[in-house]
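In full-length UniProt numbering, the protein residues as written are 1 to 77. Quick reminder that beta carbons are idealized off the backbone N, C-alpha and C, glycines included.
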Amino acid sequence: MSLESAEAERRLDVREIDGEPFGDIMAALNELDSGESLLLINSFEPEPFYDVIEDRGFTYETATPEPDVWHVEIEHA
């Protein structure tokens with residue numbers, strides 16, 4: 001994973017989703033092939049979500065490139 005270069009194969013900006021984004025995030029993760037990563041962009045750190053994705057066999061790396069913007073790069077463990 002390389003958050004600095006933001007080379008994720010897929011991106012999902014949940015700030016643009018009206019309502020609860022959990023279903024959209026899980027659908028995007030289910031579409032990931034082995035070796036691909038998803039860059040999740042959010043307005044806050046989604047700490048409770050980390051346990052969920054770890055339990056489902058994913059790893060993640062988090063960065064805050066600017067105030068109130070969180071990038072979480074997620075890939076298969």
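| Check | Outcome |
| --- | --- |
| For residue 5, which residues of its own chain have a beta-carbon under 8 Å away from its beta-carbon, when the five flanking residues on both sides are left out? | Here the model assigns residue 5 a pLDDT of 48, short of 50, so the residue's position is not dependable, and the following value carries that caveat. Nothing listed; no residue qualifies. |
| Let's see if you can read the secondary structure: which residues bound the alpha helix (DSSP H) around residue 29? | 22-30 |
| With a cut-off of 8 Å on the beta carbons, I'd call residue 43 and residue 69 a contact; round off their distance for me. | 7 Å |
| According to DSSP, is residue 80 part of a helix, a strand, or is it coil? | Residue 80 cannot be examined here, being either before or after the span of the chain that is shown, 1 to 77. |
| Please classify residue 13: does DSSP put it in a helix, a strand, or coil? | strand |
| On the criterion of 16 or more Cβ atoms from any shown chain inside 10 Å, does residue 74 qualify as buried, or is it exposed? | buried |
| Below 7 Å CB to CB, which residues in the same chain sit around residue 57 once its five sequence neighbours on both sides are set aside? | 76, 77 |
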